[in-house]
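Colleague: Residue numbers (the numbering used here): 26 to 526.
Idealized CB from N, CA, C, for every residue including glycine.
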Ligand code: NAD
């Protein structure tokens with residue numbers, strides 16, 4: 026397919042998904058038009074054509090959304106029974122499932138993800154909501170042993186209105202990581218999608234109409250400096266959950282600190298993968314390639330630092346380059362495309378700068394580093410890239426690149442490998458390649474990361490907590506554990522005039 030064919034195909038796909046669709050903020054159970062006449066334009070990164078322009082909210086609209094969420098909580102949501110919330114969440118999942126193809130195409134065009142990956146994430150999003158529907162009825166307090174005339178127990182109570190912010194790299198999946206536990210625990214939400222890829226968050230919310238009471242879910246698209254800032258500083262937002270960069274995470278925490286709102290932060294990383302001499306090299310190379318080239322490397326837990334035992338370095342490199350070769354840039358709308366463009370122009374430029382920097386810092390570019398075939402010249406594509414001869418103090422080895430760029434270093438002893446892996450301010454994930462079970466357990470304990478994969482990248486299960494150590498974040502999304510981030514505990518002491526025994 027040549028360049029003009031791809032352009033025509035995307036123009037047609039954009040027309041198809043935008044005709045009859047209206048992407049606007051969603052407040053109090055309906056489409057909402059802000060007073061200000063400012064829009065944010067979303068771009069299809071494979072061809073850099075605009076998809077649609079969305080009316081952008083400002084701080085006044087955030088006030089309206091927080092009020093709608095607060096009213097919904099006071100009016101009826103706080104009094105819903107867990108079984109009722111479970112039923113509503115399940116109804117929503119069923120409606121979303123009826124729109125799987127539409128949501129998949131939207132995610133593909135808005136982010137540039139290959140359609141097969143977009144479909145997998147859309148299905149994972151449904152599964153996440155389904156999981157939280159199943160947890161609604163498990164939220165209980167404890168009875169506390171006390172004296173004969175004292176009954177003491179705890180209640181788990183929602184915060185009320187929670188403010189949630191998601192990034193552009195996994196839009197619909199992140200939406201469900203936030204809304205699933207927030208709604209299951211009885212909170213109402215005001216959620217800000219990323220301005221670069223907000224379409225599936227908006228569409229999925231529209232599909233919740235008449236399922237949840239008005240005001241339970243509100244979506245406020247807009248810029249981070251305006252809407253994100255207003256939401257995290259709002260005194261009526263009693264809990265903040267943010268997924269995004271470390272830099273913005275710090276600002277979010279400062280804003281929330283001003284009104285002592287607890288925060289959950291899911292931030293970036295620079296995740297290491299340690300390859301030991303006994304590893305099954307082709308299996309481990311494949312896992313690491315998936316961990317850096319899936320979603321064009323725009324993954325928070327990307328395995329961007331491979332640290333290989335020096336005795337097997339050459340053999341590993343051959344296996345890794347073979348695995349990297351399986352990732353070929355192509356049209357995201359093609360079912361067999363394994364790698365799409367980067368989602369935003371800023372990200373494309375930033376990754377190009379890091380590739381130039383890697384060369385200047387003295388590392389060795391052994392694979393990729395350029396842009397692919399002419400037929401893809403309109404998109405923000407970067408080839409799978411590999412640097413060797415990398416030191417831990419080079420910027421390409423310590424800063425999050427958030428693109429398809431792998432760095433390979435070597436280690437000599439177990440201790441040196443662990444030290445190199447842990448020598449980072451981040452700690453979201455880490456990988457281990459070995460067939461030795463004892464070694465795997467030892468390294469899993471010694472690595473400073475919230476998620477450890479042995480001989481694998483993924484899967485991410487909704488049942489398993491997901492969160493980072495060190496500067497990769499605070500708290501967890503997913504798992505039963507995330508419910509606690511949306512609940513506060515009340516201890517009740519009840520004096521019994523007439524003891525029960
Ligand atoms: P970002 O921090 O630039 O933006 C994230 C969100 O925050 C967006 O919605 C943005 O509009 C908003 N925002 C920006 N400025 C803000 C402000 N001052 N106040 C409040 N909100 C503001 O991140 P990004 O570029 O969208 O996403 C990429 C980053 O997200 C990477 O660092 C990646 O590792 C991280 N991430 C982490 C996880 C995780 O689970 N740990 C998952 C996905 C992405």
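Please work out which residues of its chain come closer than 8 Å, Cβ to Cβ, to residue 156, disregarding the five sequence neighbours upstream and downstream, and give them in chain order.
Modeller: 205, 487, 488
Colleague: Quick check: residue 227 and residue 244, are their CB atoms within less than 7 Å of each other?
Modeller: Going by C-beta atoms, residue 227 is nearer than 7 Å to residue 244.
Colleague: Check whether the Cβ of residue 153 lies closer than 6 Å to any heavy atom of the ligand NAD, and answer yes or no.
Modeller: no
Colleague: Mind pulling the beta strand (DSSP E) runs of 3 or more residues that sit fully within the segment 375 to 412?
Modeller: 389 to 392
Colleague: Within the present structure, is the beta-carbon of residue 325 separated from the nearest heavy atom of the ligand NAD by less than 6 Å?
Modeller: Result yes, Cβ under 6 Å from the ligand NAD.
Colleague: Using only the heavy atoms of the ligand NAD, determine whether one of them is closer than 6 Å to the beta carbon of residue 257.
Modeller: Yes, the beta carbon of residue 257 sits closer than 6 Å to at least one heavy atom of the ligand NAD.
Colleague: Under a Cβ-count criterion, where at least 16 other Cβ atoms within 10 Å of its own Cβ denotes burial, should residue 106 be classed as buried or exposed?
Modeller: With fewer than 16 other Cβ atoms inside 10 Å of its own Cβ, residue 106 counts as exposed.
Colleague: How big is the Cα-Cα spacing for residue 150 and residue 519?
Modeller: Residue 519 has its alpha-carbon roughly 42 Å from the corresponding atom of residue 150.
Colleague: So, for residue 308: in the same chain, excluding its five sequence neighbours on each side, which residues have a beta-carbon less than 7 Å away from its beta-carbon?
Modeller: 480
Colleague: Please report the straight-line C-alpha distance between residue 392 and residue 352, rounded to a whole angstrom.
Modeller: 12 Å
Colleague: Grouping DSSP H, G and I as helix and E and B as strand, with all else coil, what is residue 421?
Modeller: helix
Colleague: Quick one: does residue 349 have its CB under 7 Å from some CB of chain D?
Modeller: Absent from the structure: chain D. Only one protein chain is present.
Colleague: Assuming residue 97 contacts residue 52 under a Cβ cut-off of 8 Å, what Cβ separation, rounded to an integer in Å, is found between them?
Modeller: Not a contact, Cβ separation roughly 11 Å.
Colleague: Is DSSP giving residue 112 helix, strand or coil here?
Modeller: helix
Colleague: Is the beta carbon of residue 190 within less than 6 Å of some heavy atom of the ligand NAD?
Modeller: yes
Colleague: By Cβ distance, which residues of its chain are closer than 8 Å to residue 462, with the 5 residues on each side in sequence left out?
Modeller: none
Colleague: Could you give the uninterrupted runs of the alpha helix (DSSP H) lying entirely in the segment 315 to 376, keeping only those of 4 residues or more?
Modeller: 338 to 350
Colleague: To the nearest angstrom, how far is the alpha carbon of residue 367 from that of residue 431?
Modeller: About 16 Å.
Colleague: Going by DSSP in three states, residue 272 sits in which element: helix, strand or coil?
Modeller: helix
Colleague: For residue 204, is the beta carbon positioned less than 6 Å from some heavy atom of the ligand MG?
Modeller: As presented, the structure is devoid of the ligand MG, carrying the ligand NAD as its sole ligands.
Colleague: Touch check for the segment 69 to 81 and the segment 129 to 137: three-plus C-beta pairs under 8 Å?
Modeller: yes
Colleague: For residue 446, collect the residues of the same chain with a Cβ closer than 7 Å to its Cβ; drop the 5 residues on either side in sequence, then sort them by chain order.
Modeller: Within the same chain, 297, 299, 332, 455, 472 come within 7 Å of residue 446 by CB-CB distance, once the 5 residues on both sides are set aside.
Colleague: Can you tell me whether DSSP reads residue 107 as helix, strand or coil?
Modeller: helix
Colleague: Which residues in the same chain have their Cβ closer than 8 Å to the Cβ of residue 153, if we skip the five residues on either side of it in sequence?
Modeller: 198, 201, 202, 205, 487, 503
Colleague: What whole-angstrom Cβ distance do residue 301 and residue 464 have, given they're in contact under 8 Å?
Modeller: Separation of the CB atoms of residue 301 and residue 464 is rounded to 6 Å, and the pair is thereby assigned contact status at 8 Å.
Colleague: With a 10 Å radius around its C-beta and 16 neighbouring C-beta atoms as the bar for buried, classify residue 291 as buried or exposed.
Modeller: By the beta-carbon neighbour count (other beta carbons within 10 angstroms, threshold 16), residue 291 is buried.
Colleague: Indicate, with yes or no, if the ligand NAD has a heavy atom lying under 6 Å from the CB of residue 454.
Modeller: no
Colleague: What does DSSP give as the partner residue(s) for residue 67 in the beta ladder?
Modeller: BP columns for residue 67 point to 77.
Colleague: Compute the distance between the beta-carbons of residue 439 and residue 497, then report whether it is under 7 Å.
Modeller: no
Colleague: Along the beta strand (DSSP E) that carries residue 296, what are the first and last residues, could you check?
Modeller: 296 to 300
Colleague: How long is the line joining the alpha carbons of residue 326 and residue 334, rounded to whole angstroms?
Modeller: 22 Å
Colleague: Using three-state DSSP, classify residue 157 as helix, strand or coil.
Modeller: helix
Colleague: Should residue 59 and residue 80 be called a contact, given that it needs their Cβ atoms to be closer than 7 Å?
Modeller: yes
Colleague: Please state whether DSSP places residue 580 in a helix, a strand or coil.
Modeller: Any question about residue 580 goes unanswered here, given that the chain covers just 26 to 526.
Colleague: Taking only the alpha-carbon atoms, compute the straight-line gap between residue 521 and residue 171 and give it to the nearest angstrom.
Modeller: 11 Å
Colleague: Could you spell out the range, first to last residue, of the beta strand (DSSP E) harbouring residue 188?
Modeller: 186 to 190
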